[in-house]
Amino acid sequence: MHALEQWLHFAKIDFGPVFVRTSRDGKKSLNARLNDKHVARLIKRTVLDAGIRSDLPEKDRLALFSGHSLRAGLASSAEVDERYVQKQLGHASAELTRRYQRRRDRFRVNLTKAAGL
Numbered sequence: 001m002h003a004l005e006q007w008l009h010f011a012k013i014d015f016g017p018v019f020v021r022t023s024r025d026g027k028k029s030l031n032a033r034l035n036d037k038h039v040a041r042l043i044k045r046t047v048l049d050a051g052i053r054s055d056l057p058e059k060d061r062l063a064l065f066s067g068h069s070l071r072a073g074l075a076s077s078a079e080v081d082e083r084y085v086q087k088q089l090g091h092a093s094a095e096l097t098r099r100y101q102r103r104r105d106r107f108r109v110n111l112t113k114a115a116g117l
């Protein structure tokens with residue numbers, strides 16, 4: 001909440017979109033809403049600036065990270081019932097949600113043990 005409040009204060013946002021584009025130097029917020037292409041560019045720029053997976057060539061590094069990475073990461077790391085992930089991501093089927101999840105520990109809960117057997 002603190003980070004959000006700081007952003008709203010410094011960006012001088014009283015109403016409208018919370019996530020807006022910024023000037024190229026990153027010092028001013030613009031009135032235009034942030035869209036998927038801007039998010040993708042920001043992620044790729046951040047990956048390069050942070051030196052993530054610097055052992056790989058730049059092209060390969062950029063191919064590993066995208067806006068889709070954020071959605072898949074959320075779907076993979078959420079410790080909630082699958083139906084809530086499905087609803088949040090707007091998936092029509094549980095099967096699509098399962099494909100989004102990079103790692104699924106299907107045996108985290110041992111049903112036999114939970115049933116007292």
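Numbering (UniProt numbering), first residue to last: 1 to 117. Glycine included, every Cβ here is placed at the ideal spot set by N, Cα and C.
query, result
"With residue 47 and residue 61 assumed to form a contact (beta carbons below 8 Å), what rounded beta-carbon distance in angstroms separates them?", "6 Å"
"Is there contact between the stretch 62-69 and the stretch 30-43, where contact requires at least three CB pairs shorter than 8 Å?", "yes"
"Determine the extent of the alpha helix (DSSP H) in which residue 76 is found, giving its start and end residues.", "67-77"
"Which two residues bound the contiguous beta strand (DSSP E) that contains residue 32?", "29-33"
"Check whether the Cβ atoms of residue 85 and residue 78 lie closer than 7 Å to each other.", "yes"
"For residue 89, which residues in the same chain have their Cβ closer than 7 Å to its Cβ, ignoring the five residues on either side in sequence?", "71, 75, 97, 100"
"Could you tell me the distance, in whole angstroms, from the CA atom of residue 1 to the CA atom of residue 57?", "37 Å"
"Run through DSSP, which three-state label would residue 53 get?", "coil"
"Identify whether residue 21 lies in helix, strand or coil by the three-state DSSP scheme.", "strand"
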